[in-house]
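Participant: Numbering (this note's numbering), first residue to last: 513 to 956. We put the beta carbon where it would ideally sit given N, CA and C, even for glycine. Values in this document were obtained by computation on a predicted structure and should not be read as measured data.
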Ligand SMILES: Cc1cc2nc3c(=O)[nH]c(=O)nc-3n(C[C@H](O)[C@H](O)[C@H](O)COP(=O)(O)OP(=O)(O)OC[C@H]3O[C@@H](n4cnc5c(N)ncnc54)[C@H](O)[C@@H]3O)c2cc1C
């Protein structure tokens with residue numbers, strides 16, 4: 513890296529979104545520099561992927577590398593209330609409309625992110641870790657100058673993939689938080705969590721409470737990621753230290769207690785804020801925003817990686833189109849900025865609607881209703897599989913119908929109302945003690 517060199521594109525962040533963009537551009541022959549302030553391997557949350565994510569990995573040429581790492585198969589989603597009052601509802605990706613992938617996988621991000629960063633290097637990108645972007649000096653189409661820990665960097669374009677740091681958006685005061693999707697997540701990795709046999713085998717388990725929801729994600733043959741996503745109101749008022757709250761919530765939730773009866777894991781949990789936001793506009797002079805640097809969405813349907821990888825593909829192709837091919841066919845900066853902004857807005861709007869639906873009590877009534885329409889259910893599963901960038905007409909119509917049904921349900925209760933399971937009213941049962949030797953095994 514030298515002050516005289518002018519890169520075609522500077523990418524901030526070597527997470528999955530930044531690395532994916534770098535792989536695309538480097539393979540197209542562009543001169544790419546990736547800066548990441550962290551040191552790899554590093555821990556990240558976000559371990560459950562969608563069938564659409566799998567297709568994005570395949571397209572990038574890294575799917576075989578993913579599957580060579582420790583992972584667990586994922587064929588669907590199991591949803592239950594915390595006290596199992598309505599049993600479990602299952603949604604299998606085999607029911608997805610169209611010929612997309614019918615299953616996918618989960619894995620610890622420490623493995624995935626390291627592999628993605630190395631793949632960017634192998635593709636020809638220059639990757640510097642432990643090197644933060646400190647300040648933006650110039651940000652114009654075709655002319656970007658920034659200060660980094662390694663000195664001044666010049667490039668023609670910049671892709672901001674800095675995750676929740678939202679480097680550019682913060683500087684420009686562009687980040688807007690969602691009005692009610694404001695949660696906090698408490699999570700850890702455990703050994704010996706009981707994995708269901710029968711229908712729930714190989715499913716992502718989602719357990720619903722009035723105060724939030726839990727995830728149970730098998731990561732490999734033995735390890736399971738457990739998380740409790742709580743409403744901000746609980747986070748603010750609960751008289752329990754944040755690093756003890758996962759254990760606090762598990763002790764009060766029968767489904768979790770049962771599956772974790774023999775679980776071994778750290779005593780204290782990790783904590784991360786889980787506030788949904790978007791950084792509109794998603795492109796501007798000299799730059800494109802992708803991944804969490806563009807928008808972060810409550811992770812209930814595991815959409816984060818899908819949005820990050822698809823956004824990376826869009827932004828990278830925008831940069832590639834401006835540089836390669838005969839001069840007469842090259843697109844202009846204004847065209848590409850508009851294209852990226854519109855695409856990101858459309859996809860983000862769809863994903864936001866999908867997540868907002870989960871928090872609608874009417875949707876939960878329909879979820880646990882014994883009378884479900886197969887066609888509507890399959891359309892919903894198609895979205896759950898992450899097929900949100902090109903929704904077939906029939907799926908779109910059915911999803912509208914599902915939204916209409918929710919609106920009717922909230923006014924007229926055509927299906928029985930589902931009484932929420934309340935953690936705060938549930939008596940705690942002491943869990944067996946844990947050993948701390950697996951604590952933060954990934955935190956290297
Ligand atoms: C509780 C929770 C659960 C989740 N569960 C899921 C899930 O199951 N499935 C899913 O798909 N998604 C999930 N997500 C979302 C997922 O974690 C993110 O969408 C994903 O990590 C975004 O990837 P990224 O590449 O955009 O950002 P990151 O992976 O965050 O990478 C950003 C990189 O930028 C670097 N960086 C930041 N600032 C600078 C700077 N100034 N200079 C240089 N480098 C910088 C950082 O060091 C980092 O390496 C979850 C999120 C949360 C909070």
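Is residue 780 close to chain C? Criterion is C-beta to C-beta, closer than 7 angstroms.
Facilitator: The structure shown has no chain C; it contains just one protein chain.
Participant: Less than 7 angstroms between the C-beta atoms of residue 715 and residue 589, yes or no?
Facilitator: Result yes, Cβ atoms of residue 715 and residue 589 sit closer than 7 angstroms.
Participant: Who are the Cβ neighbours of residue 828 in its own chain at under 6 angstroms, not counting the five residues just before and after it?
Facilitator: Hits under 6 angstroms: 533, 536, 537.
Participant: Taking Cβ to Cβ, would you say residue 791 is nearer than 7 angstroms to residue 686?
Facilitator: Yes. Within cutoff.
Participant: Per DSSP, residue 730 is paired with what?
Facilitator: Residue 730 pairs with 736.
Participant: Just the C-alpha distance for residue 637 and residue 866, rounded to the nearest angstrom, thanks.
Facilitator: Roughly 35 angstroms between the two C-alpha positions.
Participant: Comparing C-alpha positions only, which one of 582, 642, 539, 525 sits nearest to residue 832?
Facilitator: When only C-alpha atoms are compared, the closest one is 539.
Participant: Tell me, to the nearest whole angstrom, how far the beta carbon of residue 783 is from that of residue 698; I am working on the premise that it is less than 8 angstroms.
Facilitator: Right, the Cβ-Cβ distance comes to about 6 angstroms (below 8 angstroms), so this counts as a contact.
Participant: How far does the beta strand (DSSP E) with residue 826 in it reach, from first residue to last?
Facilitator: Not the beta strand (DSSP E): residue 826 falls in the alpha helix (DSSP H), residues 816–835.
Participant: Between the alpha carbons of residue 629 and residue 905, how many angstroms are there, rounded?
Facilitator: Going from the Cα of residue 629 to the Cα of residue 905 covers about 37 angstroms.
Participant: Near residue 795, which residues of its chain fall below 6 angstroms by C-beta distance, leaving aside the five closest residues on each side in sequence?
Facilitator: Here the set comprises 849, 852, 853.
Participant: Just tell me which of 942, 525, 619, 802 has its CA closest to the CA of residue 641.
Facilitator: Closest option to residue 641, Cα to Cα, is 525.
Participant: Thinking residue 545 and residue 522 are a contact (beta carbons under 8 angstroms), I'd like their distance in whole angstroms, please.
Facilitator: With a Cβ gap of about 5 angstroms, residue 545 and residue 522 count as contacting.
Participant: Please confirm whether any heavy atom of ligand 1 lies closer than 6 angstroms to the CB of residue 644.
Facilitator: Flag set: Cβ of residue 644 near ligand 1.
Participant: Quick check on this structure: which residue in 888, 660, 876 has the alpha carbon closest to the alpha carbon of residue 933?
Facilitator: Measuring from the Cα of residue 933, the nearest candidate turns out to be 876.
Participant: Measure the C-alpha to C-alpha separation of residue 787 and residue 838 and round it to an integer number of angstroms.
Facilitator: Straight-line Cα distance between these residues: approximately 44 angstroms.
Participant: Would you say residue 616 touches ligand 1, meaning its beta carbon is less than 6 angstroms from a heavy atom?
Facilitator: No, since every heavy atom of ligand 1 falls outside the 6 angstroms radius drawn around the Cβ of residue 616.
Participant: Give me the Cα-Cα distance between residue 745 and residue 692, rounded to the nearest whole angstrom.
Facilitator: Going by the C-alpha atoms only, they are around 10 angstroms apart.
Participant: Distance, Cα to Cα, residue 826 vs residue 819?
Facilitator: Using only the alpha carbons, I get a separation of about 11 angstroms.
Participant: What is the rounded straight-line gap between the Cα of residue 760 and the Cα of residue 571?
Facilitator: Whole-angstrom Cα-Cα distance: 42 angstroms.
Participant: Taking only the alpha-carbon atoms, compute the straight-line gap between residue 604 and residue 706 and give it to the nearest angstrom.
Facilitator: Computed Cα separation, rounded: 20 angstroms.
Participant: State the Cα-Cα distance for the pair residue 647 and residue 623, rounded to the nearest angstrom.
Facilitator: Whole-angstrom Cα-Cα distance: 30 angstroms.
Participant: In the DSSP assignment, find the beta strand (DSSP E) that holds residue 523 and state where it starts and stops.
Facilitator: 518–524 is the extent of the beta strand (DSSP E) around residue 523.
Participant: Given that a residue counts as buried once 16 or more other Cβ atoms are within 10 Å of its Cβ, and exposed if not, what is residue 742?
Facilitator: The residue is buried, with at least 16 neighbouring Cβ atoms inside 10 Å.
Participant: State yes or no: is the C-beta of residue 730 nearer than 6 angstroms to some heavy atom of ligand 1?
Facilitator: No, ligand 1 has no heavy atom inside 6 angstroms of this Cβ.
Participant: Short check: CB of residue 711 to CB of residue 602, under 7 angstroms?
Facilitator: Against a cut-off of 7 angstroms, the Cβ pair of residue 602 and residue 711 comes out as a contact.
Participant: Taking DSSP as the reference, what is the three-state secondary structure of residue 948?
Facilitator: Per-residue confidence for residue 948 stands at a pLDDT of 44, beneath the threshold of 50, marking its modelled position as unreliable; no derived number is given.
Participant: Classify residue 955: buried if its beta carbon has 16 or more other beta carbons within 10 angstroms, exposed otherwise.
Facilitator: Reliability of the predicted coordinates at residue 955 is poor, the pLDDT of 35 falling under 50, and the value obtained from them is presented with this limitation in mind. Exposed: under 16 other Cβ atoms inside 10 Å.
Participant: Do residue 722 and residue 822 have their CB atoms nearer than 7 angstroms?
Facilitator: The answer is no: Cβ separation not under 7 angstroms.
Participant: Do you know how far the Cα of residue 858 is from the Cα of residue 864?
Facilitator: Answer to the nearest angstrom: the Cα atoms are 10 angstroms apart.
Participant: According to DSSP, which residues form a beta bridge with residue 604?
Facilitator: DSSP lists 588 as partners of residue 604.
Participant: Using the three-state DSSP reduction, which class does residue 537 fall into: helix, strand or coil?
Facilitator: If DSSP states are grouped into helix, strand and coil, residue 537 belongs with the helices.
Participant: Would the C-beta of residue 663 count as close to ligand 1, meaning under 6 angstroms from any of its heavy atoms?
Facilitator: No - ligand 1 has no heavy atom lying nearer than 6 angstroms to the Cβ of residue 663.
Participant: Tell me whether residue 649 is buried or exposed, calling it buried when 16 or more other Cβ atoms sit within 10 Å of its Cβ.
Facilitator: Classification of residue 649: exposed, given that the 10 Å Cβ count is below 16.
Participant: Take residue 943 and list the residues in its own chain whose beta-carbon comes closer than 6 angstroms to its own, dropping the five residues that flank it on each side.
Facilitator: Counting only Cβ-Cβ distances below 6 angstroms, and skipping sequence neighbours, we find 763.
Participant: Would you mind sorting residue 569 into buried or exposed? The rule is 16 or more other CB atoms within 10 Å of its CB.
Facilitator: By the neighbour-count rule (16 or more Cβ atoms within 10 Å), residue 569 is buried.
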